[in-house]
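Peer 1: Numbering (the numbering used here), first residue to last: 1 to 371. In this text, a Cβ means the ideal position worked out from N, Cα and C, and glycines have one as well.
Encoded structure:
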């Protein structure tokens with residue numbers, strides 16, 4: 001184990017890294033550029049990893065179905081997805097040497113077992129801290145594809161994300177001074193369009209965890225019904241780019257039709273603005289928020305309905321450690337320590353990150369690729 005001392009506008013923050021753990025590389029994605037060119041630098045720096053990604057992804061689509069899937073992607077889906085994301089995917093395909101059908105297919109159809117842990121908690125001053133681990137069975141490949149990306153417009157950072165190379169959307173991000181979002185969902189990972197985790201500074205944070213309900217066929221039917229325009233990840237990216245307040249973000253995330261069930265963990269800048277939204281494909285089925293006055297100063301979500309008693313060691317251990325820490329001692333470093341506790345952190349954990357919409361935690365300084 002060794003130490004990294006990170007300094008921001010707050011006192012020194014000491015990160016304990018186990019051997020092999022590392023900080024992701026950081027890139028800028030200029031939203032003023034043509035969408036086709038926004039990911040060029042990132043793709044160029046990781047081209048040698050693309051064959052390994054393709055090999056992994058091909059495990060999830062039977063070989064005899066691949067030509068059919070790519071044809072559907074190129075002749076149907078290409079016409080229905082939002083234009084800027086299609087253009088970004090075209091740019092990725094051109095730069096990486098992949099077919100556009102492969103890129104779209106890996107965004108829409110690749111389903112695999114995903115797990116994660118998201119935490120929202122209020123410290124003694126009522127400031128919300130948002131932590132998350134992202135777990136995925138393609139961890140050996142995705143660890144080498146994990147980056148921090150600043151999305152800029154007119155030279156200003158609009159939002160920042162922890163995401164994967166070739167992934168148009170984001171799996172972890174923040175909009176400075178507004179809000180943060182984290183996502184873990186069936187369509188999230190390699191080459192995924194949309195957002196997995198993000199934060200819009202000063203407003204709110206969101207994390208989406210896969211909800212284990214509904215089948216593969218249900219998801220495909222919902223994609224057809226919505227004309228593939230509403231993957232959860234695309235909605236999260238839109239929220240990060242366009243919405244200014246916690247309430248605006250929460251309203252969309254509770255009402256929008258999605259292609260798959262999920263959990264959205266959303267945090268804002270005010271006391272009580274830390275919630276778990278339980279989603280079916282049509283709308284929210286449950287909303288649970290912190291209430292420190294009643295002793296509920298934190299919430300932990302993994303991949304099970306929060307009102308059910310399940311033997312999920314990740315949630316049980318995270319809650320136990322948070323209770324031991326206590327609200328008065330809670331800070332960004334303590335939340336990162338919770339995320340590093342076994343089995344909250346496990347062999348499939350790709351990265352851990354801690355965010356805060358109000359700004360006491362920096363995504364740049366508290367994101368760790370786990371080994």
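With distance defined between alpha-carbon atoms, name the residue in 369, 130 and 141 nearest to residue 48.
Peer 2: 141
Peer 1: CA-CA distance, residue 157 and residue 150?
Peer 2: 6 Å
Peer 1: Can you tell me whether residue 301 is helix, strand or coil according to DSSP?
Peer 2: Under the three-state reduction of DSSP, residue 301 is assigned to strand.
Peer 1: So the beta strand (DSSP E) residue 372 belongs to, where does it begin and stop?
Peer 2: An answer regarding residue 372 cannot be provided, because it is not within the stretch 1 to 371 covered by the chain.
Peer 1: What residue ranges within the segment 26-95 form continuous alpha helix (DSSP H) runs of no fewer than 4 residues, ordered along the chain?
Peer 2: 40-45, 50-57 and 66-75
Peer 1: Could you tell me the distance, in whole angstroms, from the CA atom of residue 105 to the CA atom of residue 253?
Peer 2: 25 Å
Peer 1: Put residue 249 into one of helix, strand or coil per three-state DSSP.
Peer 2: helix
Peer 1: Starting from residue 372 and walking both ways along the beta strand (DSSP E), at which residues does that stretch end?
Peer 2: Residue 372 is absent from the model: the chain starts at 1 and stops at 371.
Peer 1: Which residues bound the alpha helix (DSSP H) around residue 332?
Peer 2: 332-339
Peer 1: Quick one: using the 10 Å Cβ neighbour count with 16 as the cut-off for buried, is residue 131 buried or exposed?
Peer 2: With a threshold of 16 other beta carbon atoms within 10 Å, residue 131 meets it and is buried.
Peer 1: By a C-beta neighbour count over all protein chains shown, 10 Å radius and 16 as the cutoff for buried, is residue 34 buried or exposed?
Peer 2: exposed
Peer 1: Under the three-state reduction of DSSP, which class applies to residue 240: helix, strand or coil?
Peer 2: helix
Peer 1: Determine, using beta-carbon pairs with one atom in the segment 258-276 and one in the segment 74-87, whether at least three such pairs fall under 8 Å.
Peer 2: No, the segment 258-276 does not touch the segment 74-87.
Peer 1: Under a three-way DSSP split, which group does residue 260 fall into?
Peer 2: Coil, per DSSP.
Peer 1: What does a CB cutoff of less than 8 Å around residue 230 pick up in its chain, not counting 5 residues either side in sequence?
Peer 2: 256, 257, 258 and 259
Peer 1: Pull up the distance between the alpha-carbon of residue 23 and that of residue 40, whole angstroms please.
Peer 2: 22 Å
Peer 1: So for residue 281, helix, strand or coil by DSSP?
Peer 2: Under the three-state reduction of DSSP, residue 281 is assigned to coil, being neither helix nor strand.
Peer 1: Would you please verify whether the beta carbon of residue 148 is less than 8 Å from any beta carbon of chain C?
Peer 2: No chain C appears in this structure, which consists of one protein chain only.
Peer 1: How close, in whole Å, do the beta carbons of residue 327 and residue 122 come, if the pair is a contact with beta carbons under 8 Å?
Peer 2: 7 Å
Peer 1: What does DSSP give as the partner residues of residue 134 in its beta bridges?
Peer 2: 116 and 351
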